[in-house]
Amino acid sequence: MYNILEFTRNRSTSVEQTDDKTLRSYCHLNDTIMEAYVEIAVTIPDLEIISVQGDVLRPHKKEFKESFEFLKRVIGTRIGPGILKIVNGLTEGIRHKQFAFMLEECCHAVILLFTKEDLLSSPRPDDEEESIIYHRQMVLDNIRLYNRCAAFAPGSRIVEGIIPKDKDI
Amino acid sequence: MLKFMRNKIVGIEVKDSNTVLAHGFLDDNIYSIEMNVLIDINHLEIRDIDGRWNRWTTTECKRAIPFLKEAIGLRMEGDFSQTVRKVIGRRACRHFANLLLECCYTAKQASEVLKDKFKEKHDVNNVTSENNSDKNVTPIISADMPDHSDTPFHDKPVSFSMVIDLHMHSFPASPCSSVSVDQLIKEAKRIGLDAICLTDHNYVWDRDTVEDLRQKHGFLILRGNEITTDQGDMLVFGMEKDIKGIISLAELRKEVLESRGIIIAAHPFRGFLTVGIQQIGLTLERAIKRPMFKYVDAIETLNGSVTENENRFTEKVAERLGLPKTGGSDAHEVSRVGVYATGFIDKIKDEKDLVDAIKEGRCLPTVFRKHAGLR
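From first to last, the protein sequence lines stand for chains Y and S.
With the numbering used here applied, the first sequence corresponds to residues 1215 to 1383, in that order.
With the numbering used here applied, the second sequence corresponds to residues 9 to 383, in that order.
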């Protein structure tokens, strides 16, 4: 039995633009015991969640339906900073937390889509000097990014010389 | 055509009756990372972890790897997700934090599925878990580093009767704050503010407690509340009701109207103008149509935890909507008190005066701490 996996999980989250004003973010989970999906529709550019749906494809259990009703509470909220707190708050009490996590994944994917679009015009990391200049400017433009991850923390070349004002470091 | 896709794969390998190895792989349009996490399945505790980058965005992303070790000792209990997001997400990388959560929750699920198998082995081997002492893991949380411009937003020689910081957080009422209410008050007095509003998250300050603080410090302290709604954070004044959990903004509006209070949209565009989001083409015309603005009495256009651009954009929105504007530091630590504040044309002596003044727009946001020549 050694090196034979006892449990495996695949989770795939994708975003497509269905029309000029709508994005569809779809999270599909397939693991040893369950297959399920959660899907949201989001308006552009407000990133307002206008619909939520989901289902458990395996195993079929009626009890899951209640959880999907919980998820619909996020309809009308906007994806952006703080969305995690809102999703967690609105889905508090959900019986199957897995579906709340899938909803979060749908929201993350939408944010990452726009991050990707932005990065398309940035220098590649192997273009070291250009990349550092680009990201340094990004931190200067959005100082909230400072110290938000290892790459933007003191000691990183990207933030060398940057000292946020009015702040003890 | 898909515009973005993230795939995550986690495999759980049983190492012995106490331990599983979770191997996680994350691959999307931007990043590709892998990690191995050794998990004590009896105590749901991370025993070891390593990771590697396959694709990254900055030359410095590799600095995240050593910080992964800070997850060792964390247990899947309580606010585990939040802790991982803070410890690994901020010290290392949020994508590693995401994959770590995926690995841990998959391991936990696997342990439930495989518990009979574990039990069987455990009985046969009579294995006892060693080294299972509780580890007191103290997350090291990196703080926000808000932008603060030297450029004043308002060149107005307006003569204010009072300047009040309308937005600040104290510990322990707001667990995210690092400063006690006494420290906030002392600092506010030191820098010359005329009053402060305590706006802890979903927290109603007791009237008598606040009166005692007023007496003790000889300083005007007003009560507010920052309430999380489905449309984001809202500053509420003049309402006693204690709201727990997330409330819809429409519902909050009803409650506030009954109390004759007011709602101020707190930092309504926080993060919306940061990396990537400008790609969505959020325009002023679109922004002013947001449903949230139908429910608020004023907009916080100077907030100490957002960027200059976000404050400027918010100010334009407030101007287009003709809504009163306010300012507040959103201080979570002493050094931020009074960074922004609100100037009032009339004397404010209590919460009713405050509510009336804001409703009537007899106030303006102001950059206070800089104007006072303080740092």
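Glycine is no exception: its CB is placed at the ideal position from the N, C-alpha and C atoms.
Neighbourhood of residue i by C-beta, 7 Å cutoff - its chain only, sequence neighbours within 5 removed
i         : result
S/Glu248  : Val212 and Ser267
Y/Cys1363 : none
Y/Arg1272 : Met1248 and Glu1249
Chain-order list of residues whose beta-carbon lies under 6 Å from that of residue i (same chain, five-residue window excluded)
i         : result
Y/His1242 : Ser1226 and Tyr1251
S/Cys205  : Leu174, Leu230 and Gly232
Y/Glu1230 : Arg1238
Y/Cys1321 : Ile1293 and Ile1297
S/Leu221  : Ile229
Y/Ile1263 : Ile1254, Val1256, Val1288, Ile1289 and Thr1291
Y/Phe1284 : Thr1305 and Ile1308
S/Glu21   : Leu29
S/Ser256  : Asp238
Euclidean distance between Cα positions of residue i and residue j
i         : j         : result
S/Thr309  : S/Arg83   : 41 Å
S/Asp238  : S/Ala295  : 17 Å
S/Asn317  : Y/Met1248 : 45 Å
S/Asp36   : S/Pro74   : 23 Å
Y/Arg1287 : S/Ile41   : 33 Å
S/Arg377  : S/Ile235  : 26 Å
S/Phe33   : S/Glu368  : 56 Å
S/Ile149  : S/Ala339  : Unreliable positioning characterises S/Ile149 in this predicted model, as indicated by a pLDDT of 25, which lies under 50. A coordinate reading is not provided.
Y/Phe1278 : S/Ala105  : 27 Å
S/Lys324  : S/Lys333  : 10 Å
S/Lys360  : S/Gln90   : 38 Å
Y/Tyr1360 : S/Pro183  : 22 Å
Y/Asn1356 : S/Ser185  : 22 Å
S/Leu76   : S/Arg60   : 10 Å
S/Ala365  : S/Ser167  : 15 Å
S/Arg395  : S/Met43   : Any property of residue 395 of chain S remains undetermined from this structure, which presents chain S solely from 9 to 383.
S/Gln223  : Y/Lys1299 : 36 Å
Candidates the options: closest to residue i by CA position
i         : options                                       : result
Y/Val1353 : Y/Glu1343, Y/Pro1378, Y/Pro1339 and Y/Lys1330 : Y/Pro1378
S/Lys23   : Y/Lys1311, Y/Asp1234 and Y/Ile1218            : Y/Ile1218
S/Trp64   : Y/Phe1313, Y/Val1324, Y/Arg1309 and Y/Ser1345 : Y/Ser1345
S/His209  : S/Glu195, S/Ile20 and S/Ser178                : S/Ser178
S/Asp358  : S/Ile229, S/Ala72 and S/Leu243                : S/Ile229
S/Phe227  : S/Asn106, S/Pro299 and S/Met170               : S/Met170
Y/Gly1294 : S/Leu331, S/Ala349, S/Gly240 and S/Cys205     : S/Gly240
S/Arg370  : S/Leu174, S/Phe352, S/Ile356 and S/Lys94      : S/Phe352
S/Phe245  : S/Ile251, S/Glu259 and S/Val264               : S/Val264
S/Tyr39   : S/Asn15, S/Ile251, S/Ser182 and S/Ala365      : S/Asn15
Y/Phe1313 : Y/Glu1280, Y/Thr1236 and Y/Thr1246            : Y/Glu1280
S/Ile307  : S/Ser313, S/Val347 and S/Asn319               : S/Asn319
S/Phe277  : S/Leu290, S/Gly269, S/Ile271 and S/Ile270     : S/Leu290
Y/Thr1236 : S/Lys11, S/Ile47 and S/Gly19                  : S/Lys11
S/Val347  : S/Ala196, S/Cys69 and S/Thr67                 : S/Ala196
S/Gly343  : S/Ala115, S/Leu76 and S/Gln191                : Strictly speaking, residue 343 of chain S in this sequence is Ser, with Gly absent from that position. Minimum Cα distance to S/Ser343 is reached at S/Gln191.
S/Asp48   : S/Leu292, S/Thr67 and S/Cys112                : S/Cys112
Y/Glu1220 : S/Gly86, S/Lys70, S/Met9 and S/Gln117         : S/Gln117
Y/Leu1326 : S/Lys123, S/Arg102, S/Val121 and S/Thr114     : S/Arg102
Y/Glu1331 : S/Met13, S/Thr217 and S/Val189                : S/Met13
Y/Pro1368 : S/Lys123, S/Ser337, S/Val121 and S/Arg99      : S/Arg99
S/Leu107  : S/Phe301, S/Val18 and S/Phe88                 : S/Val18
Chain Y contact for residue i (CB, 8 Å cutoff)
i        : result
S/Thr322 : no
S/Ile251 : no
S/Ala79  : no
S/Gln239 : yes
S/Pro147 : For S/Pro147, the pLDDT reaches just 27, beneath the cut-off of 50, and the residue's location in the model is therefore unreliable, leaving the point undetermined.
S/Ile307 : no
S/Val18  : yes
S/Asp48  : no
S/Leu122 : yes
S/Asn15  : yes
CB contact check: residue i to chain S, cutoff 8 Å
i         : result
Y/Pro1273 : no
Y/Asp1234 : no
Y/Lys1286 : no
Y/Cys1320 : no
Y/Gly1375 : no
Y/Ser1345 : yes
Y/Asn1282 : A small fix is needed here, since residue 1282 of chain Y is Phe in this sequence, not Asn. Chain S, which has no Cβ nearer than 8 Å to the Cβ of Y/Phe1282, makes this no.
Y/Gly1268 : no
Y/Leu1317 : no
Y/Gln1231 : yes
Y/Ala1323 : yes
Expected contact under 8 Å - CB spacing of residue i and residue j to nearest Å
i        : j        : result
S/Thr350 : S/Leu372 : 7 Å
S/Ala273 : S/Met242 : 6 Å
S/Gly81  : S/Glu53  : 7 Å
S/Met176 : S/Val345 : 6 Å
Beta-carbon proximity list for residue i, same chain, < 8 Å, skipping 5 on both sides
i         : result
Y/Arg1223 : Leu1243, Asn1244, Asp1245 and Thr1246
Per-residue contacts from residue i into chain C (C-beta, under 8 Å)
i        : result
S/Cys101 : The structure shown contains no chain C; its protein chains are Y and S.
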